[in-house]
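To keep things clear, I will list the structure first and then write my remarks on it.
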Amino acid sequence: MIWEDIDIHAKEWVKEAGDRIRLSFEKTLNIETKSNPNDLVTNIDKEIEQFFIHKIRSVYPDHKIMGEEGFGDELKSLDGVVWLIDPIDGTMNFIHQQRNFAISIGVYENGVGQIGLIYDVVHNELYHAIRGKGAYLNENPLPLLKETSVKESIIALNATWVMENHRIDHNLMIPLVRDARGTRSYGTAALEMVFVATGRVDAYLSMRLSPWDFAAGAVIIEELGGIVTNLEGEKLNFLSKGSLFTAKPGLHQQILRDYLKKEQ
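First residue of the sequence shown: 129, per my numbering; consecutive thereafter.
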């Protein structure tokens, strides 16, 4: 498998998809809801996913595709080469702000991340990595992540998880929020993961994400020495929804030991 060739194609398609999304800013969106009133999807989400599927199938007909909008394959395993695609991660931001959203693509082989691409369309920033070859922002290499502590950290965390909810004991989150230097929430898992990769934030926690939300970011962060697990410190499951916890080295272990261990 020549991953560099796949990477070249993927980057071309991501940039072309970004152009299509930018052109859509002047158009009227058709907005639908999915699982709940805040789970939104637009005609652009669907068109962009179908665009990627057409491109992938035309060049790599034996590759499988898992896409957020459901136009790909129904997968029971990650055998072979699988593309995990989120055409617009942060659809609510896309609708309300026309910024703070991204295209996210992870390419996996037998369950192992080989390529990660996250494209911040509005800022024309492409975060990318090939397994074993480092991670980049556009053409600039990103430095390895350095260890830090909770008291020196900015934690990306949705405020919902510090309120009473049915996914996690919110009392576990309160000490973490209290002890951290600060918290942020951007409404897009893909960008919050690259913010960890670039050191703009030091950790990111979410209680329920889908594989296409974190597939690309996991490749990028792990190339830089960051740690990506679920909230129990276990490997991610790329076939089902689950929690996500990613952080700089040292910080990941500290949060898991001193805060999240109480959930065990």
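Each residue gets a CB set at the ideal place from its N, CA and C atoms; glycine is no exception.
Boundaries of the beta strand (DSSP E) in which residue i is found, first to last residue
i	result
Met335	331-337
Pro215	209-217
Arg312	310-312
Thr288	Per DSSP, Thr288 belongs to no beta strand (DSSP E) and is neither H nor E.
Assigned secondary structure, residue i (DSSP; H/G/I helix, E/B strand, else coil)
i	result
Lys175	Here the sequence assigns Glu to residue 175, which means Lys is not the residue at that position. Correct three-state label for Glu175: helix.
Phe373	strand
Lys261	coil
His251	coil
Lys363	coil
Gln382	helix
Met194	strand
Tyr387	coil
Glu237	strand
Pro303	helix
His256	strand
Ile231	strand
Asn266	coil
Ile296	coil
Gly345	helix
Bounding residues of the alpha helix (DSSP H) (the contiguous stretch that carries residue i)
i	result
Ile134	131-151
Val322	317-326
Distance, residue j Cα to residue i Cα
i	j	result
Gly260	Glu351	7 Å
Glu253	Tyr247	6 Å
Lys204	Pro189	18 Å
Arg328	Thr170	29 Å
Val210	Ser277	36 Å
His298	Lys369	20 Å
His191	Phe222	29 Å
Tyr421	Arg227	This structure leaves residue 421 out entirely; the chain is present only between 129 and 392.
Asp167	Ala375	With a pLDDT of only 46 at Asp167, under the threshold of 50, the placement of this residue in the model should not be trusted; the figure read from the coordinates follows. The straight-line gap from Cα to Cα measures roughly 26 Å.
Lys279	Glu154	44 Å
Ile172	Ile193	18 Å
Glu292	Ile355	27 Å
Min CB distance residue i to chain D below 8 Å
i	result
Asn238	Looking at the structure shown, chain D is missing, and only one protein chain is on hand.
DSSP bridge partner residues for residue i (one or two, in chain order)
i	result
Arg185	BP columns for Arg185 are empty, so no partner.
Val356	Thr374
Leu245	Ile233, His256
Cβ separation of residue i and residue j, assumed to be a contact under 8 Å, to the nearest whole Å
i	j	result
Phe179	Arg148	7 Å
His256	Val187	Not quite, the Cβ-Cβ distance comes to about 18 Å (not below 8 Å), so this is no contact.
Gly146	Val249	4 Å
Ile258	Asp135	6 Å
Leu212	Gly234	4 Å
Ile282	Arg309	6 Å
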